Every structure is written in C-alpha cells, then in structure tokens.
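Engineer: Submitted below is the structure of interest, expressed as structure tokens.
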Amino acid sequence: MRKIEKYTGNPVLSAADIPYDAGLIFNAGVAFFNGRYVMVFRNDYGFAADLPNGRRENHGTNLGVAFSKDGYHWEVAAKPWIQMVDDPEIYRFYDPRLTVIDGRCYLCFAVDTRHGVRGGIAVTDDFDKFDILTMTVPENRNMVLFPEKINGRYVRLERPFPEYSRGYQERFDVWMSASPDLRYWGDSQLLLGVEHVPFANAKIGPAAPPIKTRKGWLTTFHAVYKDNDRKLNTWENAPWTKEYYGGIMLLDLYDPSKIIGLCRKPLLEATEKYEIEGFRGSVIFPGGMLLDADGEVKIYYGAADTVEALAVTDVEYLLSLCEPL
Ligand code: BMA
Numbered sequence: 008m009r010k011i012e013k014y015t016g017n018p019v020l021s022a023a024d025i026p027y028d029a030g031l032i033f034n035a036g037v038a039f040f041n042g043r044y045v046m047v048f049r050n051d052y053g054f055a056a057d058l059p060n061g062r063r064e065n066h067g068t069n070l071g072v073a074f075s076k077d078g079y080h081w082e083v084a085a086k087p088w089i090q091m092v093d094d095p096e097i098y099r100f101y102d103p104r105l106t107v108i109d110g111r112c113y114l115c116f117a118v119d120t121r122h123g124v125r126g127g128i129a130v131t132d133d134f135d136k137f138d139i140l141t142m143t144v145p146e147n148r149n150m151v152l153f154p155e156k157i158n159g160r161y162v163r164l165e166r167p168f169p170e171y172s173r174g175y176q177e178r179f180d181v182w183m184s185a186s187p188d189l190r191y192w193g194d195s196q197l198l199l200g201v202e203h204v205p206f207a208n209a210k211i212g213p214a215a216p217p218i219k220t221r222k223g224w225l226t227t228f229h230a231v232y233k234d235n236d237r238k239l240n241t242w243e244n245a246p247w248t249k250e251y252y253g254g255i256m257l258l259d260l261y262d263p264s265k266i267i268g269l270c271r272k273p274l275l276e277a278t279e280k281y282e283i284e285g286f287r288g289s290v291i292f293p294g295g296m297l298l299d300a301d302g303e304v305k306i307y308y309g310a311a312d313t314v315e316a317l318a319v320t321d322v323e324y325l326l327s328l329c330e331p332l
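According to the working numbering, the sequence shown is numbered sequentially starting from 8.
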C-alpha cells in the first residue's frame with residue numbers, strides 16, 4: 008500500500024502558469040475525459056489595486072480550463088472559459104467540480120447572487136459551450152455528482168447552509184439528493200453531520216465527486232476547525248481563523264445514504280509552505296479525485312486559496328483508513 012504523498016512538484020497550477028490576468032488559481036474540478044485529463048479551475052484575478060496596508064483584494068472571478076496527458080503537467084487554454092459578467096444578478100461563478108456520466112462531462116458550480124448562494128449543474132462536451140441544467144434555491148453549494156445512476160436515479164451530494172436554525176454558528180452538514188433526469192431533485196436527506204467528524208468544530212461539505220471501488224463509494228469532504236485565538240496566515244484585510252482539512256469516507260455501493268466507513272483523522276492537512284501561506288492559509292479544499300486503472304488515486308486540492316496542488320496514493324490505502332462509524 009502506498010500512503011498518501013503530496014506531489015514534490017506542487018503546486019501543479021498557479022498564477023504564473025496562466026496566459027491571462029490571474030491571481031489565485033485554486034479549488035479546481037478534474038476529470039479524465041476523451042483520453043486526457045481536464046481541469047476546470049477557479050481564478051480570482053484583478054489584484055492590481057492592493058489596499059494601502061499591503062493587504063490584497065480581488066476584483067473578479069472566472070473559470071479557466073487546462074489539459075494534461077499525465078495528470079501532473081498541465082497546459083492552460085489561451086482564454087478563460089466561463090465568466091458571468093453580463094448578468095446583474097450574479098457576482099461570481101466558482102468552485103467547479105467535474106463528473107463524467109455516460110460520455111458527457113457535468114460541471115457542478117457555486118454562484119454568489121444578489122439573493123443568495125446557489126448551486127448549479129451544467130453539461131459540456133467540449134469545454135466551450137455549456138448548458139445549465141438546474142440551479143438550487145439559496146443557500147446551497149459544494150454539489151458533486153456520482154458518476155453513474157444508482158437504483159435508476161442520479162445522485163448528488165451537497166451542502167446547504169441552515170444558518171437561522173443552527174443559531175448562526177456555521178455548523179453545516181453534508182446532504183444528499185436524487186433525480187430522474189439531473190434537472191429535478193428531491194428525496195433530500197442528511198448524509199454526514201458535522202458532529203460525526205472528530206476534526207471539525209464548524210462546517211463540513213462535499214469535496215471531490217465520489218469514486219467507485221470494490222468496497223463502496225469513496226468520497227472526500229472538507230472539514231473546518233475554527234479557533235478564534237489562533238491567527239492563521241492571510242493576505243486579507245481581516246483575521247483568518249479557520250483551518251480546512253480534507254477528510255475521506257466510504258458509502259455503500261447500492262445505498263450511498265449509508266456511511267460504511269469514515270477516517271477519524273484528516274486525510275490531508277496543511278503542512279507545506281504553499282498550503283500554510285497564501286490568501287487564506289491552512290486551507291485544503293479537494294475538488295477532484297481520480298482512480299486510475301492501476302489503482303493509483305490522484306487527489307487535486309486548492310491550497311491556501313492560492314494554488315492548485317496534487318496528492319497521490321492508492322485505493323487500498325484509502326479503503327484501509329475508513330473505519331465503521
Ligand atoms: C469556503 C469557500 C471556498 C474557500 C473556503 C476557504 O467558504 O468560499 O471557496 O476555499 O471557504 O476560504
């Protein structure tokens with residue numbers, strides 16, 4: 008078994024690799040599609056007007072695309088792909104996740120609108136044109152799709168923000184919904200409560216889309232530990248106190264609403280300079296997990312809300328970490 012290793016060539020993508028205005032390159036979705044790896048990444052750009060105290064503010068977000076033959080070395084398309092600038096209702100379109108289902112590539116994304124945060128699902132065949140299939144009501148985001156129908160229905164994980172009923176405490180959980188057609192979603196149910204994650208004291212949320220293994224669906228989640236007495240590294244004009252970990256759990260193959268294993272420790276935590284220092288330090292935000300034919304698993308994650316990084320392991324190691332709840 009191969010323990011999890013952070014790629015020594017990290018980050019795999021950062022602003023220096025982008026041939027247009029780029030600031031923070033992170034929280035990417037990754038898929039293997041039509042014979043090559045595809046990454047759709049978030050680009051927070053427009054940092055020219057730094058604040059007088061040396062802090063930084065960003066002035067726009069778009070989604071860019073990169074392609075790779077091996078999953079390690081990436082070539083970035085010449086122009087950004089998706090930029091929602093002509094809709095006065097929308098502030099930004101961000102945090103993409105990719106799932107290939109029956110030969111088409113689906114993109115889940117978050118949208119900050121003037122009336123709340125919404126999750127959406129779009130489909131593309133060429134990373135040029137795309138159709139938006141569905142949008143949630145606020146507040147919801149971090150949606151990911153399973154790569155095949157289960158019991159005849161599409162399934163997604165998601166993270167609503169029940170602020171009012173949780174006393175404005177940022178204690179949010181992972182939920183699951185099903186759909187006959189990817190447009191109309193229902194039968195929503197709680198999957199993982201934040202109280203079941205020993206290394207979280209605040210919100211959790213889905214991370215990369217699940218992968219199918221012989222023992223069940225392996226899926227990552229992000230988990231937030233907040234400590235107001237600890238000031239983490241940040242470029243923002245406000246203190247940053249939330250550490251984000253990557254976690255992993257195993258769901259039943261035939262009924263993924265059943266958690267059959269959970270790793271009680273973080274799978275990924277910030278230890279390297281590119282993870283600890285940045286726009287929001289100590290943030291690990293996995294958005295892509297791919298299982299190769301030889302059992303190698305590549306996990307792509309945003310690091311410090313600043314760069315995109317890669318960790319590599321094998322599927323047996325990940326399965327060995329998941330203990331019964
Ligand atoms: C979350 C999202 C992510 C981000 C994370 C850490 O709430 O906004 O896009 O990576 O915070 O800043």
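For every residue, glycine included, the Cβ atom is placed at its ideal position computed from N, Cα and C.
Computed from a predicted model, the values in this text were never measured in an experiment.
Going along the chain, which residues of its own chain have a beta-carbon closer than 8 Å to the beta-carbon of W53, five neighbours each way excluded?
Structural biologist: Residue 53 is actually Gly in this sequence, not Trp. Answer for G53: D28, G30, N65, H66, G67, listed in chain order.
Engineer: Regarding V290 and the ligand BMA, is the C-beta to nearest heavy atom distance less than 8 Å?
Structural biologist: The answer is yes for V290.
Engineer: Since I believe A316 is in contact with Y281 (beta carbons under 8 Å), could you give me their beta-carbon distance rounded to a whole number of angstroms?
Structural biologist: That belief holds up - the Cβ atoms of Y281 and A316 are roughly 7 Å apart, short of 8 Å.
Engineer: Give me the Cα-Cα distance between L199 and L297, rounded to the nearest whole angstrom.
Structural biologist: Distance between the alpha carbons of L199 and L297: 22 Å.
Engineer: Hey, could you find the ends of the alpha helix (DSSP H) L325 is sitting in?
Structural biologist: First-last of the alpha helix (DSSP H) with L325: 322-328.
Engineer: For F286 and E12, what's the separation of their Cα atoms in angstroms?
Structural biologist: Spanning the two alpha carbons is a distance of roughly 24 Å.
Engineer: Classify Y281 as helix, strand or coil using the three-state DSSP reduction.
Structural biologist: Helix, per DSSP.
Engineer: Assuming F48 contacts A84 under a Cβ cut-off of 8 Å, what Cβ separation, rounded to an integer in Å, is found between them?
Structural biologist: Contact doesn't hold; Cβ gap of about 11 Å is too wide.
Engineer: Determine the extent of the beta strand (DSSP E) in which T68 is found, giving its start and end residues.
Structural biologist: Start and end: 67-75.
Engineer: Which first and last residues belong to the beta strand (DSSP E) in which I267 is found?
Structural biologist: From DSSP, the beta strand (DSSP E) with I267 extends over 266-269.
Engineer: Got a sec: does the ligand BMA put a non-hydrogen atom nearer than 8 Å to the Cβ of Y98?
Structural biologist: Result no, Cβ not under 8 Å from the ligand BMA.
Engineer: Under three-state DSSP, which class holds A22?
Structural biologist: Of the three classes helix, strand and coil, the one that applies to A22 here is helix, per DSSP.
Engineer: Tell me, to the nearest whole angstrom, how far the beta carbon of T106 is from that of A38; I am working on the premise that it is less than 8 Å.
Structural biologist: 7 Å between Cβ atoms; contact.
Engineer: Any heavy atom of the ligand BMA closer than 8 Å to the Cβ of F137?
Structural biologist: No; taking the cut-off as 8 Å, the Cβ of F137 has no heavy atom of the ligand BMA nearer than that.
Engineer: State the beta-bridge partners of G254 as determined by DSSP.
Structural biologist: G254 pairs with F228.
Engineer: Between H203 and L332, which are expected to be in contact by the criterion C-beta below 8 Å, what is the C-beta distance as a whole number of angstroms?
Structural biologist: Correct: roughly 7 Å between the Cβ atoms.
Engineer: Could you give the first and the last residue of the continuous beta strand (DSSP E) run that contains L298?
Structural biologist: Start and end: 291-298.
Engineer: Count the other CB atoms within 10 Å of the CB of I291; is the residue buried (16 or more) or exposed (fewer)?
Structural biologist: That one is buried.
Engineer: Look up Q196 in the DSSP assignment and give the residues it is bridged to.
Structural biologist: In the DSSP output, where bridge partners are listed per residue, Q196 has M183.
Engineer: How big is the Cα-Cα spacing for V201 and E96?
Structural biologist: The alpha-carbon atoms of V201 and E96 are separated by roughly 32 Å.
Engineer: Quick one: grab the DSSP three-state call for R221.
Structural biologist: Coil, per DSSP.
Engineer: Is it buried or exposed, L269, if we count other Cβ atoms within 10 angstroms and call 16 or more buried?
Structural biologist: Burial call: buried.
Engineer: Roughly how many angstroms separate the alpha carbons of T220 and L258, rounded to a whole number?
Structural biologist: Distance between the alpha carbons of T220 and L258 is about 10 Å.
Engineer: Under the three-state reduction of DSSP, which class applies to R178: helix, strand or coil?
Structural biologist: In the structure shown, R178 sits in coil (DSSP, three-state: anything other than H, G, I, E or B).
Engineer: Is N34 closer than 9 Å to G309 when the C-beta atoms are compared?
Structural biologist: A contact, by the Cβ cut-off of 9 Å.
Engineer: With respect to 8 Å, is the separation between the Cβ of Y5 and the closest non-hydrogen atom of the ligand BMA below this value?
Structural biologist: Any answer about residue 5 is impossible in this case: the structure gives the chain only from 8 up to 332.
Engineer: Beta carbon of V319, beta carbon of S21: below 9 Å?
Structural biologist: Contact flag unset, no.
Engineer: Check whether the stretch 236-248 and the stretch 128-141 touch, using three or more Cβ-Cβ pairs below 8 Å as the test.
Structural biologist: Counting Cβ pairs under 8 Å, fewer than three are found: no touch.
Engineer: From the DSSP output, which residues share a beta bridge with N50?
Structural biologist: DSSP output for N50 lists I32, N69 as bridge partner(s).
Engineer: In whole angstroms, what separates the C-alpha of Q195 from that of D77?
Structural biologist: According to the sequence provided, residue 195 is Ser. The question's Gln does not apply to it. S195 and D77: Cα-Cα distance of roughly 37 Å.
Engineer: So what does DSSP say about E82, is it helix, strand or coil?
Structural biologist: DSSP places E82 in strand when its eight states are reduced to three.
Engineer: Name the two residues that bound the continuous beta strand (DSSP E) containing M150.
Structural biologist: Where M150 is concerned, the enclosing beta strand (DSSP E) stretches over 147-152.
Engineer: Is the shortest distance between the beta-carbon of W182 and the beta-carbons of chain D less than 9 Å?
Structural biologist: Absent here is chain D; the protein component of the structure consists of one chain.
Engineer: Would a C-beta distance cut-off of 9 Å place D102 and R173 closer than the cut-off?
Structural biologist: Contact flag unset, no.
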